[in-house]
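Asks: Just dropping this structure here.
In our numbering, the protein residues as written are 1 to 222.
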């Protein structure tokens with residue numbers, strides 16, 4: 001916000017909690033763990049696979065798509081399980097609802113305060129999702145089973161945590177008298193609008209654009 005957004009001199013800034021918030025707070029308990037992300041952006045040396053992709057894309061464009069899919073198979077094979085959470089898999093994670101709620105609420109309030117101090121209109125937005133009381137087949141496979149097998153977390157507890165952050169966002173908007181764009185409630189939680197747990201397909205993107213543009217009219221209209 002301070003280093004990248006304020007220099008753009010925006011009239012308004014929209015803040016949406018996303019599933020990455022839960023990932024950081026669930027695994028690391030706060031936003032400031034040194035193990036979460038490197039403090040300085042690091043550009044790794046290009047791998048052989050990356051160079052191969054670039055070569056194919058540039059010199060054999062017609063085969064680029066097929067070749068990229070083939071290379072992706074090898075990438076998944078050799079990088080599986082080697083992400084930043086590999087040491088946590090197989091260990092039970094406890095959900096600290098109170099701690100996560102407090103950390104998120106404080107971070108949200110910090111955003112609001114910075115906006116007001118810089119005379120920027122803060123707008124809060126909840127995140128759309130496909131989390132329902134009874135998960136559909138995709139959510140069961142990609143979220144519920146994975147959480148239970150990797151971290152001994154029940155889907156209902158994870159959904160409660162996710163819903164809580166959306167509610168904290170609503171409460172903050174009401175308390176501060178801010179515009180709220182509630183995508184969680186305005187967009188149905190189905191595959192008609194989202195192709196995975198939280199990302200829009202084309203139909204969902206159009207609906208979200210209509211909702212967001214309509215809600216922002218009072219803010220951006222001269």
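Every residue gets a Cβ at the ideal spot worked out from N, C-alpha and C, and that includes glycine.
In angstroms, rounded to a whole number, what distance separates the CA positions of residue 54 and residue 205?
Replies: Rounded to the nearest angstrom, the two C-alpha atoms are 29 Å apart.
Asks: Should residue 182 be flagged as near chain C, meaning a C-beta pair shorter than 8 Å?
Replies: Here chain C cannot be found, since the structure has a single protein chain.
Asks: Which residue wins for smallest C-alpha separation from residue 110, given the options 24, 166 and 124?
Replies: Answer by Cα proximity: 124.
Asks: Classify residue 122 as helix, strand or coil using the three-state DSSP reduction.
Replies: Correct three-state label for residue 122: strand.
Asks: Roughly how many whole angstroms lie between the Cα atoms of residue 19 and residue 159?
Replies: When rounded, the distance between both Cα atoms is 11 Å.
Asks: Whole angstroms are fine: how far does the CA of residue 47 sit from the CA of residue 164?
Replies: In a straight line, the C-alpha of residue 164 is about 40 Å away from that of residue 47.
Asks: With DSSP collapsed to three states, give me the class of residue 77.
Replies: Confidence in residue 77 is poor, its pLDDT being 48 and thus under 50, which makes the residue's placement too unreliable to answer from.
Asks: What are the partner residues of residue 14, as DSSP defines its beta bridges?
Replies: DSSP lists 123 as partners of residue 14.
Asks: Residues in the same chain with beta-carbon distance under 6 Å from residue 178, minus the five sequence neighbours each way, listed in chain order, please.
Replies: For residue 178, where only same-chain residues beyond five positions count, the Cβ hits under 6 Å are 122 and 124.
Asks: Quick one: residues in its chain with C-beta nearer than 6 Å to the C-beta of residue 130, no 5 flanking neighbours on either side, listed in chain order?
Replies: Closer than 6 Å at the Cβ level, and outside the excluded window around residue 130, lie 139, 189, 194 and 197.
Asks: Just mark residue 154 as buried or exposed, buried being the case when its beta carbon has 16 or more other beta carbons within 10 Å.
Replies: Counting Cβ neighbours within 10 Å, residue 154 comes out exposed, since fewer than 16 surround it.
Asks: When the distance is taken between beta carbons, is residue 102 closer than 8 Å to residue 29?
Replies: Not in contact: residue 29 and residue 102 (Cβ atoms no closer than 8 Å).
Asks: Round the Cβ separation of residue 114 and residue 2 to the nearest angstrom and send it over; I've been treating them as touching at under 8 Å.
Replies: Confirmed, Cβ separation roughly 7 Å.
Asks: Tell me whether the beta-carbon of residue 127 lies closer than 8 Å to the beta-carbon of residue 171.
Replies: No, they are not a contact pair.
Asks: DSSP three-state call for residue 6: helix, strand or coil?
Replies: Helix at residue 6.
Asks: So, under 8 Å CB-CB, residue 21 and residue 112 are touching, yes? Tell me the CB distance rounded to an integer number of Å.
Replies: Going by Cβ atoms, the distance from residue 21 to residue 112 rounds to 16 Å, so no, they are not a contact pair.
Asks: Let's see if you can read the secondary structure: which residues bound the beta strand (DSSP E) around residue 150?
Replies: Where residue 150 is concerned, there is no enclosing beta strand (DSSP E), although the alpha helix (DSSP H) it sits in stretches over 145-151.
Asks: Going by C-alpha to C-alpha distance, which of 134, 133 and 100 sits closest to residue 27?
Replies: Nearest of 134, 133 and 100 to residue 27, Cα basis: 100.
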